[in-house]
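Undergrad:
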Amino acid sequence: EKFSSGGALTILRQHLAELHANPPLLCFDEVDLLLGDGLNDSVGHEQLRTFLDDLMQSARGVIPILLIGQRLLFEPETDGLITLSPLAADHIAQLLQTAHIQLAPLQQEQLLAFTRGNPLLLRLFLALHQRGEPLADVLSAMQTPAALDWLLLRLRQHLIPAELTILYELAVFQGPAPQDAWRSGQKHLRSLQQLGLVNAAGADAVTLHPALRDQLYGQLPPAQRMELHLAAAHLLAERGCFTAAAWHYIQGGHPELAVWTWYTHRQHEIDQGQAGAARQLFLPLAQSTLPTADDQRVLALLLAPLLARAGQAQEGLMLLEGVTWPAESPTAALAHAARGELLAEVGDIDRSLAEFRRSLESIGQQQATRAANLHINIGRRALVYLGDRTQAQREAMQAQLNLALLQGEIANAAGDFTAARDHYVAALGLAQQHGADQRLAKIHEELGVLEARQAKVEPAMEHLQAAGRYYAAAGNQVCAVGMTNSGIAYAYLLNRQYAQAVPPAETALDFFNEINHSFWSAINEAYLAEAWFYLDDCARAERYAQSGLRREEPVVRPYCLYILGHIRRVQRRFAEAQRLCRDALAAGEEIDDPWALAPAWLALAETVRDAGQMDEAGEAFARAIEIYARLGVEQEIAYAQRLCAQMRQPA
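Throughout, this note's numbering is defined as the position within the sequence shown, counted from one, plus 1174.
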């Protein structure tokens, strides 16, 4: 798509010239699908026909080329046409012998006449015989040559429902289907393969004969056909085949699912070379009405860059202009960015820069990477096209700031808190130097949490309170009240100052409950559960832990579970305590959260210690210490080591 067919042919000639000593055989299968179909001929098919024609002309006498199909695509060279003849009488005799079927010579002649030597019809006759309808009896009752639909109808009476279901499920696939989709039906799938109705397509896929597939597909009622297409779409999406899944979603009457599925995984599919197929698939949807306005917006965002890749940037711009983009919609920033890219493609740099700026204004608190890319685009175009070094420098600073924040987040997630702190300090300096007050709140917030993790309570509080002030000045009450108090409560908990953690956690919980923010409500309930447990109020601790669990937030689940494990431990219900602690470990492993795993191991260690299982307790303490060491949290390492040492002291 990035160059013309002529350019592709030039590159191909160059590669083939390097192989002149041992030229490859180029095979193109099912070329008859590229034949024009009257007014419905596609531009893509026409381009492929032209490419193949040019390739054959240039390769004549030099490179062997084999075109395979049901009909001729081009006029063949003299002696260059190979046709597959129907099976002859001796071939049919050999086929019957292999299948251990005995027929009299006259009956073999009848079989040849009725099937005209067609391999598929012969296969179906053999399948009938294998399912208990003797071939001799079938032939004696026939008066006219067999038709495919007649044979299928006859054979259907001898198939069990599970086998029929598999055949119809396979019929909706355009090509091979993943064999593991029928894990529970492998026995029936093997039976169908033995009958010759289903073929293996490689090591892990199966397929129907195309003629068989067309017949079965035509028998499906519309409602069942759509249902099977949807099932195929889900199956293919689970296996990462998103363009194929999108086709099935459209055939299943849910084009909006096709749009969202492909848009979510667009980069993966583009990397897999599916951009052209996706453009052909989704372009007709632009002329239809999707269920919601958001569906229509995402379709435009999906198609616009695909059109630009195909040299149709103007068409992409027209598509974006035909959709409304409310300022409050999250898609508004994406639409401005898409217009910026397409306008740059057509050389309208001033409007392109304006669109990128509008995207930045809309982007708000969105990902640092997106903002960084937009700043880089603006800076580069301002420098190259306008010669504006001042603006380019300003945009470069903004990109540096965003990248420093992103690097801090990456290091933080990896547990490298020293590197994370360095990146955030660098970001803080850039923000202060260039007056980026809107970024200072986030930077102070991140630094506050990092200082808390290093048991530096005073600087942690200074950063968190500064974050609250900046958020308040910006009118962001969610962060000024909710997030800041959550951060302060977390900092106190990390340093085991439980009484001080309760008021800010309660303030944050009240705020998030008021705005129905389940995730942050659950987090603060987990904070309060931990604080009240260590303040010896198990009743309050359990109430908050159970409430946090009921919200079904995966990130919060392990924290609530290990606190409940602690509560059962002090209640001396050790079996239940162990189960809860192990559930907490499983939940922590599922989300790969070392901050949940370490205290969960510690809770298990204390539980089995109190139950008298000292060896197992020692192993659990060691696991907790290992994770805390990896996180670099010295105060927690010392706490766990102290508990372990106390356990080993003689009574």
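By construction, the Cβ of each residue, glycine as well, lies at the ideal position given by its N, Cα and C atoms.
#1: Helix or strand or just coil, what does DSSP make of Ile1237?
#2: Any idea which residues DSSP pairs Pro1352 with across the strands?
#3: Ends of the alpha helix (DSSP H) at Cys1755?
#4: CA-CA distance, Pro1197 and Pro1250?
#5: Determine the closest residue to Pro1429 out of Thr1466, Asn1586, Ala1336 and Gln1348, with distance taken between C-alpha atoms.
#6: Of the residues Ile1811, Arg1364, His1422 and Gln1268, which one's Cα is nearest the Cα of Ala1629?
#7: Can you tell me whether Phe1202 is helix, strand or coil according to DSSP?
#8: Which one of Tyr1391, Glu1337 and Arg1627 has the shortest CA to CA distance from Ala1803?
#9: Bridge partners of Ala1673, per DSSP?
#10: Using the rule of at least 16 other Cβ atoms within 10 Å of the residue's Cβ for burial, across every protein chain shown, is Gly1739 buried or exposed?
#11: Compare the Cα-Cα distances from Pro1678 to each of Glu1699, Asp1596 and Arg1822 and report the closest residue.
#12: Determine the extent of the alpha helix (DSSP H) in which Asn1698 is found, giving its start and end residues.
#13: Can you grab the Cα-Cα spacing for the pair Gln1425 / Trp1356, in whole Å?
#14: Quick check on DSSP: helix, strand or coil for Ala1512?
#15: Where DSSP assigns a beta bridge to Ala1374, which residues make up the other side?
#16: Which value, in whole angstroms, describes the spacing of the CA atoms of Gly1349 and Ala1770?
#17: Whose CA, out of Ala1233, Gln1809 and Leu1222, lies closest to the CA of Ala1191?
#18: Measure the C-alpha to C-alpha separation of Gln1454 and Ala1420 and round it to an integer number of angstroms.
#19: I need the DSSP call for Gln1461, collapsed to helix, strand or coil.
#20: When you compare only the Cα positions, how much space is there between Cys1818 and Val1782?
#21: So, Tyr1701 versus Tyr1645, is the Cβ gap smaller than 8 angstroms?
#22: Quick one: grab the DSSP three-state call for Cys1818.
#23: Looking at the secondary structure, which residues open and close the alpha helix (DSSP H) in which Asp1253 lies?
#24: To the nearest angstrom, report how far apart Gln1282 and Gln1331 are at their CA atoms.
#25: Just to confirm the assignment, what range does the alpha helix (DSSP H) spanning Leu1333 have?
#26: Assuming Ala1634 and Gly1656 form a contact by the criterion Cβ under 8 angstroms, report the distance between their Cβ atoms to the nearest whole angstrom.
#27: Kindly confirm or deny that the region 1334-1346 and the region 1268-1280 touch, where touching means at least three C-beta pairs closer than 8 angstroms.
#28: Taking the continuous alpha helix (DSSP H) assigned at Met1635, which residues delimit it?
#29: Please check the pair Leu1174 and Leu1516, which I expect to be a contact at CB under 8 angstroms, by giving their CB distance rounded to whole angstroms.
#30: Can you give the Cα-Cα distance for Tyr1736 and Ala1758, rounded to whole angstroms?
#31: Below 8 angstroms, how does it come out for the region 1610-1625 and the region 1579-1595: are there three or more Cβ pairs, yes or no?
#32: Flag this pair as yes or no: are the beta carbons of Leu1459 and Ala1478 separated by less than 8 angstroms?
#33: In the DSSP assignment, find the unbroken alpha helix (DSSP H) run with Tyr1793 in it and report its ends.
#34: Consult DSSP for Asn1576 and reduce its assignment to one of helix, strand or coil.
#35: Would you identify the three-state DSSP class for Ile1737, choosing helix, strand or coil?
#36: So, does the region 1790-1806 touch the region 1759-1779, judging by three or more C-beta pairs under 8 angstroms?
TA: The structure says:
#1: Shown here, Ile1237 sits in coil according to DSSP, grouped into three states, outside any helix or strand.
#2: Beta-bridge pairing links Pro1352 to Ala1379.
#3: Membership of Cys1755 in the alpha helix (DSSP H) is indicated by the continuous run Phe1748 to Ile1765.
#4: The alpha-carbon atoms of Pro1197 and Pro1250 are separated by roughly 21 angstroms.
#5: Selected option, being the one with the closest Cα: Thr1466.
#6: Looking at the Cα atoms, Ile1811 is the closest of the given residues.
#7: Note: Phe1202 maps to strand in three-state DSSP.
#8: When the alpha-carbon of Ala1803 is set against those of Tyr1391, Glu1337 and Arg1627, the nearest one is in Arg1627.
#9: Looking at the DSSP assignment, Ala1673 forms no beta bridge with any residue, so it has no partner.
#10: Counting of Cβ neighbours within 10 angstroms places Gly1739 among the buried residues, the total reaching 16 or more.
#11: Minimum Cα distance to Pro1678 is reached at Glu1699.
#12: Run containing Asn1698: Ser1692 to Tyr1708, per the alpha helix (DSSP H) assignment.
#13: Each residue's CA atom was taken as its position, placing Gln1425 and Trp1356 some 22 angstroms apart.
#14: Three-state DSSP puts Ala1512 in a helix.
#15: In DSSP, Ala1374 forms a bridge with Val1380.
#16: Answer to the nearest angstrom: the Cα atoms are 46 angstroms apart.
#17: Ranked by Cα distance from Ala1191, the options Ala1233, Gln1809 and Leu1222 are led by Ala1233.
#18: Using only the alpha carbons, I get a separation of about 12 angstroms.
#19: Residue state, collapsed to three classes: helix.
#20: When rounded, the separation of the alpha-carbon atoms in Cys1818 and Val1782 is 12 angstroms.
#21: Between Tyr1701 and Tyr1645, the gap from beta carbon to beta carbon reaches 8 angstroms or more.
#22: Secondary structure of Cys1818 (DSSP, three-state): helix.
#23: That residue, Asp1253, is in no alpha helix (DSSP H); it is neither H nor E in DSSP.
#24: As the crow flies, the alpha-carbon of Gln1282 is around 24 angstroms from that of Gln1331.
#25: Leu1333: not part of any alpha helix (DSSP H); DSSP gives it neither H nor E.
#26: About 18 angstroms separates the two Cβ atoms, so there is no contact after all.
#27: No, the region 1334-1346 does not touch the region 1268-1280.
#28: Judged by DSSP secondary structure, Met1635 falls within the alpha helix (DSSP H) whose first and last residues are Val1631 to Ala1647.
#29: Residue 1174 cannot be examined here, being either before or after the span of the chain that is shown, 1175 to 1825.
#30: Near 6 angstroms, if we compare the C-alpha coordinates of Ala1758 and Tyr1736.
#31: These segments touch.
#32: The beta carbons of Leu1459 and Ala1478 sit no closer together than 8 angstroms.
#33: Just to set this straight, residue 1793 is Glu in the shown sequence, not Tyr. Glu1793 -> alpha helix (DSSP H) spans Met1788 to Leu1805.
#34: Assignment of Asn1576 by DSSP, reduced to helix, strand and coil, places it in the helix class.
#35: Three-state DSSP puts Ile1737 in a helix.
#36: Yes: at least three Cβ pairs fall under 8 angstroms.
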